[in-house]
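Scroll down for the structure; my scribbles are underneath it.
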Amino acid sequence: MTRQLALLGSAVCLLLSAGAACADDLPMRKAGLWELKMVRAGSPMPEMTLQHCTDETVDKEMNNNISPMAKQICSKQDIKKTATGYVNDSECTVAGVTTTSHAEFTGDFNSAYTVKTSSHAQGGVAGAAGRHATTTIEAKWLGACKPDQKPGDIVMPGGFKMNMRDADKLKNLLPK
Numbered sequence: 003m004t005r006q007l008a009l010l011g012s013a014v015c016l017l018l019s020a021g022a023a024c025a026d027d028l029p030m031r032k033a034g035l036w037e038l039k040m041v042r043a044g045s046p047m048p049e050m051t052l053q054h055c056t057d058e059t060v061d062k063e064m065n066n067n068i069s070p071m072a073k074q075i076c077s078k079q080d081i082k083k084t085a086t087g088y089v090n091d092s093e094c095t096v097a098g099v100t101t102t103s104h105a106e107f108t109g110d111f112n113s114a115y116t117v118k119t120s121s122h123a124q125g126g127v128a129g130a131a132g133r134h135a136t137t138t139i140e141a142k143w144l145g146a147c148k149p150d151q152k153p154g155d156i157v158m159p160g161g162f163k164m165n166m167r168d169a170d171k172l173k174n175l176l177p178k
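So for the sequence shown, this note's numbering puts the first residue at 3; every next one is plus one.
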């Protein structure tokens, strides 16, 4: 169960950065089933691939749910359109750890997109020297969601399935 919760936390972070990026300016992803592959350098976390069934409503809900949180924890949250996509620069502090990140989004959000993020965490468990990580998310549209899926469903490695709309229920499972 602890491993599933850790994977779930990673998946939520992955989807938030890939799907909504906390900005109204990013285009919505095409409705259907997306495969998201995340590779992190500078982290013990292994490569992870998951699937997310989404539609415009789910992407908007993710954005709306994250934006207020970002406003509370982030002193900087700048997103800009570029010639090749979008760039997001942010600085956020959670539990005494300040993370500065730079993300570059490329692709069309209809068939495939890539998010390359470089981040540096300072303070808290990161220690005085800090920790640097680079994350690459490669997303591709697979087609319509499977018959047993509804928008918001995430299928994690190992087949663990949950719906993003049920994320509030999981807060009770996490240690306080």
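We put the beta carbon where it would ideally sit given N, CA and C, even for glycine.
How should residue i be labelled, buried or exposed, when 16 other C-beta atoms within 10 angstroms of its C-beta is the threshold for buried?
i, result
"S103", "buried"
"Q151", "buried"
"D61", "buried"
"P149", "exposed"
"T59", "exposed"
"G98", "exposed"
"G154", "buried"
"N112", "exposed"
"T136", "exposed"
"A85", "exposed"
"V96", "exposed"
According to DSSP, is residue i helix, strand or coil?
i, result
"Q151", "coil"
"M166", "helix"
"G34", "strand"
"G109", "strand"
"G98", "coil"
"G145", "strand"
Report back the beta-carbon spacing between residue i and residue j to the nearest angstrom; my notes put them in contact at under 8 Å.
i, j, result
"G87", "E106", "7 Å"
"H122", "G132", "6 Å"
Three or more C-beta pairs closer than 8 Å, one from the segment 40–50 and one from the segment 142–151: is that the case here?
Output reads no: the segment 142–151 does not touch the segment 40–50.
Contact between the segment 72–82 and the segment 30–43 (3+ Cβ pairs under 8 Å)
No, the segment 72–82 does not touch the segment 30–43.
Report the start-end ranges of each beta strand (DSSP E) in the segment 38–92 that is 3 residues or longer and not cut off at the edges.
50–56 and 76–83
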